[in-house]
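First residue of the sequence shown: 1, per full-length UniProt numbering; consecutive thereafter.
Glycine is no exception: its CB is placed at the ideal position from the N, C-alpha and C atoms.
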Amino acid sequence: MTESTFPASTPSPTPSPALSPAASSGQPYVLRAATPADADFIAEMTLAAFNWAPDRPPFTMEAFRADPALSKYVDGWPAPGEHGVVAQASAAGTGGGSGGDPGRLVGAAWWRCFGADAPGYGFVAEDVPELSLAVAAGWRGRGLGRVLLRAVVDLARAEGLARVSLSVERANHAARLYAAEGFAVVGGDENADTMMKEL
1 MTESTFPAST PSPTPSPALS PAASSGQPYV LRAATPADAD FIAEMTLAAF NWAPDRPPFT
61 MEAFRADPAL SKYVDGWPAP GEHGVVAQAS AAGTGGGSGG DPGRLVGAAW WRCFGADAPG
121 YGFVAEDVPE LSLAVAAGWR GRGLGRVLLR AVVDLARAEG LARVSLSVER ANHAARLYAA
181 EGFAVVGGDE NADTMMKEL
């Protein structure tokens, strides 16, 4: 799925080790590994990714969870073998109109593992997890999407994965980001491309 926007969520109650420099370094955000406590935020970000196009009526969370083709992206996350990273606002990132208190979740990138019997939109093979990425409103255009993408790719590589995939509609500007970061088109339909990256 694709990068989109969503209002910044409340802080996660269960912090985990940081993956990026701390607030004292002047970074406006800190990356950390996602935990099961982040599942609601991952669901919000999944909805945001599906709602990327401003000219389309947005899905509500209720409608999203009622549609099996969509709800499988969030139900039970993380299952075994599924991981991700989240970005939290740091003290350095609360000024300048970016919004959010220190610790507020402002973006995420993660993957799900789908089977051939119930594939996701970016399905390539059962051993190729599908990535999703979204950034909260007020935090786009600052390079956070690229940072999250690189972090989740690094995490996938560290977990021993050989490839990752995603689905992105061609009209979504995030497609350019994915291409620039080494994802190649391997399939798709009339509206969207399936892209894959070798790790």
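> Can you give the beta carbon distance from Arg-150 to Leu-199, rounded, assuming they're within the 8 Å contact cut?
Replying inline: Start at 1 with the first residue of the sequence shown, and residue 150 comes out as number 150. Start at 1 with the first residue of the sequence shown, and residue 199 comes out as number 199. Actually they do not touch by this definition, with Cβ atoms about 12 Å apart.
> Quick one: complete beta strand (DSSP E) runs, 3+ long, within the segment 150-194?
Replying inline: The segment 150-194 contains these whole beta strand (DSSP E) runs: 163-169, 184-188.
> What are the boundary residues of the beta strand (DSSP E) that Ala-69 is part of?
Replying inline: Working through the sequence shown from its first residue, we reach residue 69 at position 69. Not the beta strand (DSSP E): Ala-69 falls in the alpha helix (DSSP H), residues 68-71.
> Should Ala-174 go down as buried or exposed, given a rule of 16 or more other Cβ atoms within 10 Å for buried?
Replying inline: On the sequence shown, position 174 is the one that residue 174 refers to. Taking every protein chain shown into account, the CB of Ala-174 has 16 or more other CB atoms within 10 angstroms, so this residue is buried.
>> Check this for me: beta carbons of Gly-84 and Ala-109, under 9 Å apart or not?
In response: Here the question's residue 84 lines up with position 84 in the sequence shown. Here the question's residue 109 lines up with position 109 in the sequence shown. It is a contact, given that the beta carbons lie within the stated cut-off.
> In the structure shown, what three-state DSSP assignment does Val-147 receive?
Replying inline: Walking along the sequence shown from the start, residue 147 turns up at place 147. In the structure shown, Val-147 sits in a helix (DSSP, three-state: H, G or I).
>> Using a Cβ-Cβ cutoff of less than 8 Å, which residues in the same chain neighbour Thr-194 once the five nearest sequence positions on both sides are dropped?
In response: Counting from 1 along the sequence shown, the entry for residue 194 is found at position 194. Correct list, in chain order: Tyr-121, Gly-122, Phe-123, Val-124, Ser-165, Leu-166, Ser-167, Val-185, Val-186, Gly-187, Gly-188.
> Taking just the CA atoms, how far does Glu-126 sit from Ala-118?
Replying inline: The residue you call residue 118 lines up with position 118 of the sequence shown. The residue you call residue 126 lines up with position 126 of the sequence shown. If you take the alpha carbons of Ala-118 and Glu-126, they lie about 10 Å apart.
> From this set, Ala-53, Ala-180, Ala-171, which residue's C-alpha is nearest Glu-190's C-alpha?
Replying inline: Sequence index remark: in the sequence shown, residue 190 carries index 190 (1-based). If we check each option's Cα against that of Glu-190, Ala-171 comes out closest.
> Taking the DSSP output, what are the residues bridged to Arg-112?
Replying inline: Taking the sequence shown and counting its residues from 1, the one referred to as residue 112 is at position 112. Residue pairing from DSSP places Arg-112 in a beta bridge opposite Glu-130.
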